[in-house]
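What follows is one structure encoded as structure tokens, with my remarks underneath.
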Amino acid sequence: MQNVFNAQNLDFLLLGLILTLKIALATCIISMIFGTFLAITRNFGGRISRFLASAYVDIFRNTPLLLWMLAACFVLPVFFGQFSQAFWGTIGFSLYTSSVMAEIIRGSLNSIPKGQFEAAYSQGFSKFFTLFYIILPQTFRRAIPALLSQIITTIKDTSFLAGLQIAELTYQSKILLAQLKSFEEILVMIALVAGIYFVICFSLSMLVRYYAKKTAYAV
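Counting in our numbering, the sequence shown runs from 16 upward without gaps.
Take a look at the structure:
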């Protein structure tokens, strides 16, 4: 087991884990911002903007994630210049995840009673300030369990970036697996990487369950 559990291998995997968490965090932030914009546009935009937002969500949700990662890495640099594969992979990942976030946020947005809009308008609030100060805070509060679940999925889906030779956790483990010779060592390495993903994702899932239970009691 010394070929698996040694300082060099663990440091190698740690670098991959750090990049995985950075990409997941950046993807979640970008996709929540863009997803919120898409959700608001689909509900309150003009006819053309609603159509474009709906088309965006439908196209991205019904096509493979890896396809958009590949497109971001091989098409976007032609128009926007050369950056790292990790950067473009994150952009492709974010474009896809935004469509999922948009539907989560839109579902919560639709659950807000229309009477709250009318009450805000009667107090002189514009549509922008009504959304920003009254509606969106409640929307995000209701969407937290679904958003946390999507964050867990996002962390796991960073493994797709290994296909683009981006040095996240799965890719780093693939390099180490290629250096191992015995079947037992390969199994241990796979179990180690699976365990890392499990600890992170299970911890977040427990947070989702706790929050869901707490809010259920509050109601």
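Note that CB positions come from ideal geometry on N, CA and C, so glycine has one too.
In this text, all values refer to a predicted model and were calculated from it rather than measured experimentally.
Where residue i sits in the DSSP three-state scheme
i, result
"glutamate 133", "helix"
"isoleucine 127", "coil"
"alanine 206", "helix"
"asparagine 18", "coil"
"phenylalanine 217", "helix"
"phenylalanine 140", "coil"
"alanine 233", "Only weak support is given to the placement of alanine 233: the predicted model assigns it a pLDDT of 48, under 50, and the question is left unresolved by the model."
"isoleucine 181", "coil"
"phenylalanine 147", "helix"
Residue interval of the alpha helix (DSSP H) (run including residue i)
i, result
"glutamine 165", "151-172"
"lysine 189", "184-194"
Nearest neighbour of residue i, chosen from the options [CA to CA]
i, options, result
"isoleucine 211", "Gln17, Leu36, Asn18 and Asn21", "Leu36"
"tyrosine 71", "Lys129, Ala158 and Ser113", "Ser113"
"alanine 117", "Leu67, Phe49 and Ala135", "Phe49"
"isoleucine 44", "Thr105, Lys142, Val223 and Tyr226", "Thr105"
"tyrosine 111", "Phe213, Phe217 and Asp73", "Asp73"
Local Cβ density within 10 Å of residue i, reported as buried at 16 or more and exposed below that
i, result
"threonine 78", "exposed"
"glutamine 97", "exposed"
"asparagine 21", "exposed"
"leucine 191", "buried"
"alanine 193", "exposed"
"alanine 68", "buried"
"glutamate 183", "buried"
"aspartate 243", "This structure cannot settle anything about residue 243, because the visible part of the chain is limited to 16 through 234."
"aspartate 172", "buried"
"phenylalanine 165", "Sequence inspection shows glutamine at residue 165; the phenylalanine mentioned does not correspond to that position. The residue is buried, with at least 16 neighbouring Cβ atoms inside 10 Å."
Any non-hydrogen atom of the ligand SAM closer than 8 Å to residue i Cβ
i, result
"leucine 202", "Within the structure as shown, the ligand SAM is missing, as the structure has no ligands at all."
Neighbour flag for residue i against chain C, beta carbons, 9 Å
i, result
"phenylalanine 147", "Absent from the structure is chain C; it holds one protein chain and no more."
### 4-residue-minimum alpha helix (DSSP H) runs that sit fully inside the region 51-96, ordered along the chain
62-76, 80-89 and 91-95
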